[in-house]
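Heads up: the structure comes next, in structure tokens.
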Amino acid sequence: MALDTVDLGADPVPDPHGTLAAARERARAVPVRYRGERAWLVTRYADVAAGVGSAALVAPDARPDVGPYAAGHPLDPVLAAELAEWGATLRSLADGLAAHLAGPADLVADFAARYPSLVVSRLLGLGGTALPELRSLAADPAGAERFARRLTGPIAERRGEPRDDLLSRLVATGAPDDEIVGFVRLLVPVEAVRQGIGNLLHGLLTTPDAWARARADDAYRGAAVAEALRWEPPAAIRPRRATAALAWDGVTAEPGDLVLLSPAAANRDPAVFADPDRFDPARDAAAPGLAFPPGVHADLAGAQLRAALDALAGRFATAALAVAPDEIAVAGLEVRGPTALPVVLG
282 MALDTVDLGA DPVPDPHGTL AAARERARAV PVRYRGERAW LVTRYADVAA GVGSAALVAP
342 DARPDVGPYA AGHPLDPVLA AELAEWGATL RSLADGLAAH LAGPADLVAD FAARYPSLVV
402 SRLLGLGGTA LPELRSLAAD PAGAERFARR LTGPIAERRG EPRDDLLSRL VATGAPDDEI
462 VGFVRLLVPV EAVRQGIGNL LHGLLTTPDA WARARADDAY RGAAVAEALR WEPPAAIRPR
522 RATAALAWDG VTAEPGDLVL LSPAAANRDP AVFADPDRFD PARDAAAPGL AFPPGVHADL
582 AGAQLRAALD ALAGRFATAA LAVAPDEIAV AGLEVRGPTA LPVVLG
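So in the working numbering, spot 252 of the sequence shown is number 533, and the numbers just go up one at a time.
Below, the structure is given as structure tokens:
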């Protein structure tokens, strides 16, 4: 597909990896369209890695609770401390969900789509309809004020009667409400983890002997998580806006320009990864994948993928696709993963 004929934020891209590879071969930064706006597509590993670490790239809608791509949040240490104690809980939630699977199942609808919501609900101590409501508001560019109002009650309750949950510990820091609200807004979207789990399982189920190896080898399971995030990151492109001029071989993004960083293209850069299109947990990777910006939120996502795989591989001796591999549809660019994974479990 010719890049000058497609809008990467609006049009279907039938062959995303082929399209991104063509851009990577063409130049370090390629002009494209994104939701009707001119943008620069950056695809080579070194350039995407530099973009991930650049404070000159911010969220395209300039939300103050997101800030620079590379920047941490002041409340990140609270989540890091929580995550350090959460290994058993993550596994328990995954085990409980896996226990309801039997025989034919769809590992996207029945597991991947449900598990990260369970995790965030338990982590924050928000039950019932709270998380779906907050997710919907977080996805709405005009929903920030309503998102904050929806959290006013739970924050006040924790201030009066702390509970054993992350929201109480955030309140206990004395941080202002708007800072807590902004942090929670970073946590409630779960699509990246949902797609990450789907991509991990897709890679294992389409690779001979991978399920048996994952079941038998703890180290292989860890390597499979890292390889899945390299091979098919949950976001093939990450839109950011430049706050300063950025240059690539004479091409310059001016302040205000959109820049599309592509982890999917960078993670399959043949200058860095041998046979990059192949899912191979046993590979000797020359560099880390760029699925997520480094930090505690990436750690939380990776821990959920690992707990999910540990639970499924620990429970099921066999797992096989119920359809031909080429019948599995993998869709999306900003959020990318299999739409369904029909399997037979044994």
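Using N, Cα and C, we set each Cβ at its ideal position, and we do this for glycine too.
The model shown is predicted, which means the values in this text are computed figures rather than measured ones.
Query	Result
Extent of the continuous alpha helix (DSSP H) to which residue 433 belongs	425 to 441
Chain-order list of residues whose beta-carbon lies under 6 Å from that of residue 418 (same chain, five-residue window excluded)	424, 427 and 428
Closest by C-alpha distance to residue 515, when choosing among 462, 288, 486 and 545	545
Coil, strand or helix - residue 332 by DSSP	helix
Spatial neighbours of residue 316 in its chain, beta-carbon cut-off 8 Å, leaving aside the 5 residues before and after	288, 290 and 291
Element boundaries [alpha helix (DSSP H), containing residue 534]	Premise fails: residue 534 lies in the beta strand (DSSP E), 532 to 534, not in any alpha helix (DSSP H).
4 or more residues per run - each alpha helix (DSSP H) lying fully within the region 347 to 404	357 to 365 and 368 to 379
Residue 526 vs residue 534 beta-carbon contact at 9 Å	yes
Cβ-Cβ distance between residue 614 and residue 297 below 9 Å	yes
Alpha-carbon to alpha-carbon, residue 444 and residue 283	54 Å
Cβ pair residue 606, residue 485 closer than 9 Å	no
Residue 523 versus 406, 385, 322 and 308, residue with shortest Cα-Cα distance	322
Coarse secondary structure for residue 345, derived from DSSP in three states	Confidence at residue 345 is low in this model, with a pLDDT of 40, below 50, so its placement is unreliable and the value that follows should be read with caution. It is coil, neither helix nor strand.
Residue 489 versus 623, 599 and 304, residue with shortest Cα-Cα distance	599
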